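Counting along the sequence shown from 1, when you hit position 73 you're at 73 in UniProt numbering, and nothing is skipped either side.
Worksheet for the structure shown next.
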Amino acid sequence: MPKERNNISIVLIGDTDSGKSTIAGHLVYACGGMDAEDLAKYEDDAIKEGFDSLKYSWVINKKKRESNDAKNISTSLWKFETSNATVTLSDVPGHDDFLQNLLTTSTPPDCAMLVLSAMEGEFEAGISENGHTKEHVLLTYTLGIKQLIVIISKMDTNEWSMERFEYVSAQTKDFLSKIGYNADEVPIIPVSGWHGDNLVKPSNEMKWFEGWTKKNGKTLLRGVTILEAIDSIFPKVNPIDNPLRISLQDIYKTNQSTHLIPVGKIGSGILKKGMTVKFSPSEITSRVETIQINGTDVEEGVSGDIVSFEISGVSIKNISRGFVVSNSQNQPSSGVISFIAQIIVLNHPKQLTIGYTPVVDVHNAHLPCQITHIMEKIDRKSGIKLESNPKALSTGDAALIRLVPTKPLCVEPFHKFPNLGRLAIRDQRQTIAVGVVKTVERIPE
Numbered sequence: 001m002p003k004e005r006n007n008i009s010i011v012l013i014g015d016t017d018s019g020k021s022t023i024a025g026h027l028v029y030a031c032g033g034m035d036a037e038d039l040a041k042y043e044d045d046a047i048k049e050g051f052d053s054l055k056y057s058w059v060i061n062k063k064k065r066e067s068n069d070a071k072n073i074s075t076s077l078w079k080f081e082t083s084n085a086t087v088t089l090s091d092v093p094g095h096d097d098f099l100q101n102l103l104t105t106s107t108p109p110d111c112a113m114l115v116l117s118a119m120e121g122e123f124e125a126g127i128s129e130n131g132h133t134k135e136h137v138l139l140t141y142t143l144g145i146k147q148l149i150v151i152i153s154k155m156d157t158n159e160w161s162m163e164r165f166e167y168v169s170a171q172t173k174d175f176l177s178k179i180g181y182n183a184d185e186v187p188i189i190p191v192s193g194w195h196g197d198n199l200v201k202p203s204n205e206m207k208w209f210e211g212w213t214k215k216n217g218k219t220l221l222r223g224v225t226i227l228e229a230i231d232s233i234f235p236k237v238n239p240i241d242n243p244l245r246i247s248l249q250d251i252y253k254t255n256q257s258t259h260l261i262p263v264g265k266i267g268s269g270i271l272k273k274g275m276t277v278k279f280s281p282s283e284i285t286s287r288v289e290t291i292q293i294n295g296t297d298v299e300e301g302v303s304g305d306i307v308s309f310e311i312s313g314v315s316i317k318n319i320s321r322g323f324v325v326s327n328s329q330n331q332p333s334s335g336v337i338s339f340i341a342q343i344i345v346l347n348h349p350k351q352l353t354i355g356y357t358p359v360v361d362v363h364n365a366h367l368p369c370q371i372t373h374i375m376e377k378i379d380r381k382s383g384i385k386l387e388s389n390p391k392a393l394s395t396g397d398a399a400l401i402r403l404v405p406t407k408p409l410c411v412e413p414f415h416k417f418p419n420l421g422r423l424a425i426r427d428q429r430q431t432i433a434v435g436v437v438k439t440v441e442r443i444p445e
């Protein structure tokens, strides 16, 4: 009987010039996610466009453009297989797109792969105040991605220097520890994306690299390459057994005036044909007439599936993007009067105070919410209370706050439904804080 493979999802993070696209393209090719003929085609395209030295990154960026052209909800770029797992690799180029992807994905990726350039000046720029590296790592940690692999790229530009690797590695461990990661449990791997060193085979140029270690329970795992690090990732449990939750992405009209087709990604549970579903924060219910996945009629959809399903007897004026679908007979969702969130203030020119009413992005909902109580400042690594009832919060502070939505809203505690419990607080189109929902005060039935 063949060995059952784990399904592993990885999100690439890192600044634009870090070399992550080259690493991703070469890794996909080396792991059989693309054959030599396809690579040659992409290489020809790169040469025609004047980017003959970028064939591997061209692969990833080409797929990214194709995905964008198709307007897919998913940002997955490619799948490939290792000895243990089927791996889905994803990347979102823009800073705002990266944040939105983390907020709306049904479950967080199993692991983030942080790519940092070893080239003189590029690493320093990436971790500076003007770079997004530290903020991206903070976002991944705060929004639930606890496994991390760090790739130090472009080692060939520094003559495979052990000293440069050790410097970058030490600086990286320092800021990872401050964010909350156990840096000693994070594989940090020197590579060359172009030459392929330490991607799937140990490098002959960096024999000084003794490899990485991490623990799986009481078992000590060791490795040298990115491929080995991927095989050390612990997969999450699929939340198929949890109650149904879908955050609506879109709602479409049909030729029949009384029928609608809502669309969204199932965050947990199972959607079945014939099921009576509830649309929160309203009390509207309707029977699921049909279900489609990728244009094909199916009897059911499960956690992770992007589904479109037909309902009747509901006006498009009464449901919208950001509504939550649940099984009306099994722990249905509901609107909330208020909710308590654990947040980290990323960047605010002044202070967050009681009465402040920023926009909150949570799953696909986008709604002003008022801060009515700053309950306590906490240590962002340990969660230990530092101060009760502070009057204000500044950049860098972590805290528990109570938020009251200005209009009906459905959210859920992060520990129960991760896809409905991650949030960003925004003002003037800037992300000023991120966090997770801890508890909710529901609207009485």
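Just so you know, even glycine gets a beta-carbon here, dropped at the ideal spot from N, CA and C.
Just so you know, these numbers come straight off a predicted model, no measurement behind them.
{"Asked": "Within 8 Å, strictly: CB atoms of I344 and A398", "Found": "yes"}
{"Asked": "Separation of T431 from I371, as counted between CA atoms", "Found": "16 Å"}
{"Asked": "Whole-angstrom distance between C111 and S303, CA atom to CA atom", "Found": "18 Å"}
{"Asked": "Every unbroken alpha helix (DSSP H) within the segment 202–286, with a cutoff of 4 residues, ordered by chain", "Found": "226–230"}
{"Asked": "Inter-stretch contact (C-beta, 8 Å, three-pair minimum) for the segment 159–171 and the segment 130–140", "Found": "no"}
{"Asked": "First and last residue of the uninterrupted alpha helix (DSSP H) at M162", "Found": "M162 to I179"}
{"Asked": "Closest Cα partner of G126 within the set I13, K146 and F309", "Found": "I13"}
{"Asked": "Test item: CB-CB of T258 and S308 under 8 Å", "Found": "no"}
{"Asked": "Inter-residue spacing [alpha-carbon to alpha-carbon] between G435 and G274", "Found": "36 Å"}
{"Asked": "6 Å CB neighbourhood of E122 in its chain, flanking five on each side removed", "Found": "D17"}
{"Asked": "6 Å Cβ shell around S192 - same chain, five flanking residues per side excluded", "Found": "M155 and D156"}
{"Asked": "Nearest neighbour of R245, chosen from W194, E299 and P413 [CA to CA]", "Found": "P413"}
{"Asked": "Whole-angstrom distance between D15 and E135, CA atom to CA atom", "Found": "11 Å"}
{"Asked": "H415 burial status per 10 Å Cβ neighbour count (16 or more: buried)", "Found": "exposed"}
{"Asked": "Limits of the unbroken beta strand (DSSP E) element including A183", "Found": "From DSSP, A183 is part of no beta strand (DSSP E); its letter is neither H nor E."}
{"Asked": "Those residues which DSSP pairs with C111 across a bridge", "Found": "I10"}
{"Asked": "Contact set for V298: own chain, Cβ-Cβ below 6 Å, skip 5 residues either direction", "Found": "I291"}
{"Asked": "Proximity of L27 and I226 at Cβ, strictly below 8 Å", "Found": "yes"}
{"Asked": "Contact check, P390 vs K377, beta carbons under 8 Å", "Found": "yes"}
{"Asked": "Three-state secondary structure assigned by DSSP to P368", "Found": "strand"}
{"Asked": "Alpha carbon of F339 to alpha carbon of V362, nearest angstrom", "Found": "12 Å"}
{"Asked": "Pair within 8 Å by beta-carbon distance, V411 and V288", "Found": "no"}
{"Asked": "Under the three-state DSSP convention, the category P418 falls into", "Found": "helix"}
{"Asked": "Simplified DSSP assignment, three categories, for V28", "Found": "helix"}
{"Asked": "Simplified DSSP assignment, three categories, for S67", "Found": "Because the pLDDT at S67 is just 42, under 50, the model does not fix this residue reliably, and the point stays unresolved."}
{"Asked": "Short Cβ contact (8 Å threshold) for P190 with G223", "Found": "no"}
{"Asked": "Rounded C-alpha distance that separates K173 from V137", "Found": "12 Å"}
{"Asked": "Distance between S334 and Q342 (C-alpha atoms, nearest Å)", "Found": "21 Å"}
{"Asked": "Alpha-carbon spacing of M113 relative to F209, whole angstroms", "Found": "19 Å"}
{"Asked": "6 Å Cβ shell around D305 - same chain, five flanking residues per side excluded", "Found": "I266 and I293"}
{"Asked": "Per-residue DSSP class, three states only, for F323", "Found": "coil"}
{"Asked": "L352 - partner residues in DSSP beta bridges", "Found": "L393"}
{"Asked": "Cβ neighbours of I233 in the same chain (closer than 7 Å, five flanking residues each side left out)", "Found": "I8, D110, C111 and Q147"}
{"Asked": "CA-to-CA distance, M119 to W212, given in whole angstroms", "Found": "22 Å"}
{"Asked": "K134, enclosing alpha helix (DSSP H) - first and last residue", "Found": "T133 to T142"}
{"Asked": "Sequence-distant residues of its chain with Cβ nearer than 6 Å to K20 (five each side left out)", "Found": "L12, G14 and V115"}
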